[in-house]
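Asker:
There are 2 protein chains.
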Amino acid sequence: MSLRVPSLDRLVSELSKLPGIGEKTAQRLAFYILRADSSFSSRLQEALFDVRERIHSCPTCFSYTENDDECDICSDLHRDSTSICVVEDPSDINRVENSGAFRGIYHVLQGAISPLDGIQPEDLRIKELLARIELSESSENKVKEVILALDADLEGDTTALYISKLLSGRVRITRIAHGVPFGTDIDYIDKRTLGRALENRVEI
Amino acid sequence: MSLRVPSLDRLVSELSKLPGIGEKTAQRLAFYILRADSSFSSRLQEALFDVRERIHSCPTCFSYTENDDECDICSDLHRDSTSICVVEDPSDINRVENSGAFRGIYHVLQGAISPLDGIQPEDLRIKELLARIELSESSENKVKEVILALDADLEGDTTALYISKLLSGRVRITRIAHGVPFGTDIDYIDKRTLGRALENRVEI
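Chain order of the listed sequences is A and B.
My numbering numbers the first residue of the first sequence as 591 and each following residue consecutively.
My numbering numbers the first residue of the second sequence as 591 and each following residue consecutively.
(1) I believe B/L593 touches A/Y654 by the beta-carbon criterion, under 8 Å. Please report the beta-carbon distance rounded to the nearest angstrom.
(2) Could you tell me which residues DSSP puts in a beta bridge with B/L738?
(3) What is the rounded straight-line gap between the Cα of B/I716 and the Cα of B/I753?
(4) Along chain A, which residues have their Cβ under 8 Å away from the Cβ of B/Y654?
(5) Express the C-alpha separation of B/S728 and B/A721 in angstroms, rounding to a whole number.
(6) Could you please give me the residues that DSSP links to B/H646 through a beta bridge?
(7) In chain order, what residues of the same chain lie with their CB nearer than 7 Å to the CB of B/C648, ignoring the 5 residues before and after it?
(8) Could you tell me the distance, in whole angstroms, from the CA atom of A/M591 to the CA atom of A/D775?
(9) Using DSSP with H/G/I as helix, E/B as strand and the rest coil, what is A/I611?
(10) Please name the residues in the segment 669-703 of chain A whose beta-carbon is closer than 8 Å to at least one beta-carbon of chain B, in chain order.
(11) Do A/I695 and A/I723 have their beta-carbon atoms positioned less than 8 Å apart in this structure?
(12) Is the beta carbon of B/L624 closer than 8 Å to that of A/I645?
(13) Using the beta-carbon of each residue, which ones in chain A are nearer than 7 Å to B/L601?
(14) Within this structure, are the beta carbons of B/R633 and A/S628 separated by less than 8 Å?
(15) 8 Å is my cut-off, CB to CB: does B/T650 come that close to chain A?
(16) Looking at A/G694 and the ligand NAD, is the gap between the Cβ and the nearest heavy atom below 7 Å?
(17) For B/S715, decide whether its Cβ has a neighbour in chain A, counting only Cβ atoms nearer than 8 Å.
(18) If you draw a straight line from the C-alpha of B/G701 to the C-alpha of A/A620, how long is it?
(19) Spell out a yes or no on whether the segment 684-694 of chain A and the segment 744-752 of chain A are touching, meaning 3 or more CB-CB pairs, one atom from each, closer than 8 Å.
(20) Could you check whether the segment 763-779 of chain B touches the segment 728-744 of chain B, counting it as contact only if at least three pairs of C-beta atoms, one from each stretch, sit closer than 8 Å?
(21) To the nearest angstrom, how far is the alpha carbon of A/H768 from that of B/A616?
(22) With distances taken from CA atoms, which of B/A626, B/T672 and B/S603 is nearest B/K732?
(23) If you draw a straight line from the C-alpha of A/V677 to the C-alpha of B/R600, how long is it?
(24) Can you pull the chain C neighbours of B/I645, defined as C-beta to C-beta under 9 Å?
(25) Report the rounded CA-to-CA distance for B/R618 versus B/D780, giving the unit in angstroms.
(26) Over what stretch of residues does the alpha helix (DSSP H) that includes B/V602 continue unbroken?
(27) When the cut-off is 8 Å and only beta carbons count, does B/P711 lie next to chain A?
(28) Less than 8 Å between CB atoms is the rule here; does B/K607 satisfy it with respect to chain A?
The following block contains the structure:
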C-alpha cells in the first residue's frame, strides 16, 4: 500500500507511463517533485503546456517547429536543398545534426513501414517526399540525392526498400552505412552487423 | 545542437533536473510526450498541479496528506498509538507499511542531522516528536516505544544518537536492525554491514 494520498498516487501513475520509468522510479520522482520548491513544479507544468501549444509539424519536412511556417532548417538558405536526408522521427534529426556530417535538408517520415503494427506506406509522409522531389524538378534547386537514415531494423529495411523502388531513376538514393560502431571491439559485434560491415567494405 | 525548438529545449532542461534523469533520457521523455496524445500531457500537468495544491503536511506526524486535519494513519483508531516509528521522509513510511511488520503510528523528521549540509537538530521535527510524547503522558495512550527507522548512514546514526539521548528514561527506544539483507550472499556484503550484523546477532 501507499501513503493513501490520491493526488500523489495519480502523479506516480502518470509518471510511470513514461518510457523507461517504472513504478519505483515514478515514486522517487513524485517525492522529489513534492520536496522541491514549488517553482520547479510550475516550470515543469508550463513547459509541458508550451510544448503542446507551440510546437507543430513543419509543413515541408514534418519535423517539429514553433515557427508559423517552415522550420529553421527548411528556411535556412545556407543549407544544401539538393540533398534530402530521410529520417523516421524528428529526434533523429538531432543525431544527424550532432554528427556534423550533413549540410542538406531533412524529411521526417513520422514512422516506418510495419505491417505488424498496422503502419502502411500511406500512413507515412512518403507521398509528401515524392511531391517535394517533383516540385524541386521545376526549380533551380533540383533534389539530386536522397539519403535514407532509417533505423537498422526490419521496419527500417522495409521502408528503405519501398522508398528506393518508388524513387529509382529519379534521384540518387543512398542509405547510411551499417557496420561496426566506432570504438567497438569486433569480439562484441553480433553476426548480422559484422555481415553487413563485410558486405559494405570500402577500399582504403 | 538541438532541433532549435525553444519550448522543447525548455522541457528537456526541466526534465533533466529530476533525479536520475540525464540530458539524453530527458530528450527521450520530451519526444515521447510530444508524440503521445495530448490528453497524456494534460493529465500529467493536472497531476503536477494537484500534488502542489492538495498535499500538505499532517500536523501530527508531518507525513503528506490531503485531509484537512490529520493524515489517514494518524486518524486511524485501529492503529497502536503507543508505538511511534520515526522516519526521515514520508516516502520511508511507504517502505515500512509495505513490510507489514508495523501497526503503530509514524513521525516524519523531514530529514536527518547533517552538519555538513547545515541541517541542525532544530531544523528537524524533533521538538514536535518530544511534544507528542509529552502530550501522550497525560492521556491513556501513553507512548511506550519509539522505533528509529533511519537510514543506515552517518546522518542516520547521528540523528539516532541525538534522539536516543533526548528521550532516554522517558520511553523505550529501539532502532531497526542493520545486517545482511534477505536473499543476499555473504560473499557480497561489505565489511561494515557484516560487522554490524555480527554485533547485533540474535539467539536462535
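Just so it is clear, CB atoms sit at the ideal spot from N, CA and C, and this is done for glycine as well.
Just so it is clear, the structure is predicted and the values come from calculations on it, not from any experiment.
Answerer: Quick answer:
(1) 6 Å
(2) B/V676 and B/R765
(3) 8 Å
(4) L593, V595, L598 and L624
(5) 12 Å
(6) B/T655
(7) T655, E660, C661 and C664
(8) Here the model assigns A/M591 a pLDDT of 46, short of 50, so the residue's position is not dependable, and the following value carries that caveat. About 47 Å.
(9) coil
(10) D679, P680, S681, I683, N684, E687 and N688
(11) no
(12) yes
(13) A637, L638 and V641
(14) no
(15) no
(16) No copy of the ligand NAD occurs in the structure displayed, which carries no ligand at all.
(17) Residue identity check: residue 715 of chain B is Arg in the sequence provided, not Ser. So, not an interface residue.
(18) 17 Å
(19) no
(20) yes
(21) 27 Å
(22) B/T672
(23) 24 Å
(24) Annotation note: the requested chain C is absent from the structure, which comprises protein chains A and B.
(25) 36 Å
(26) P596 to L605
(27) no
(28) yes
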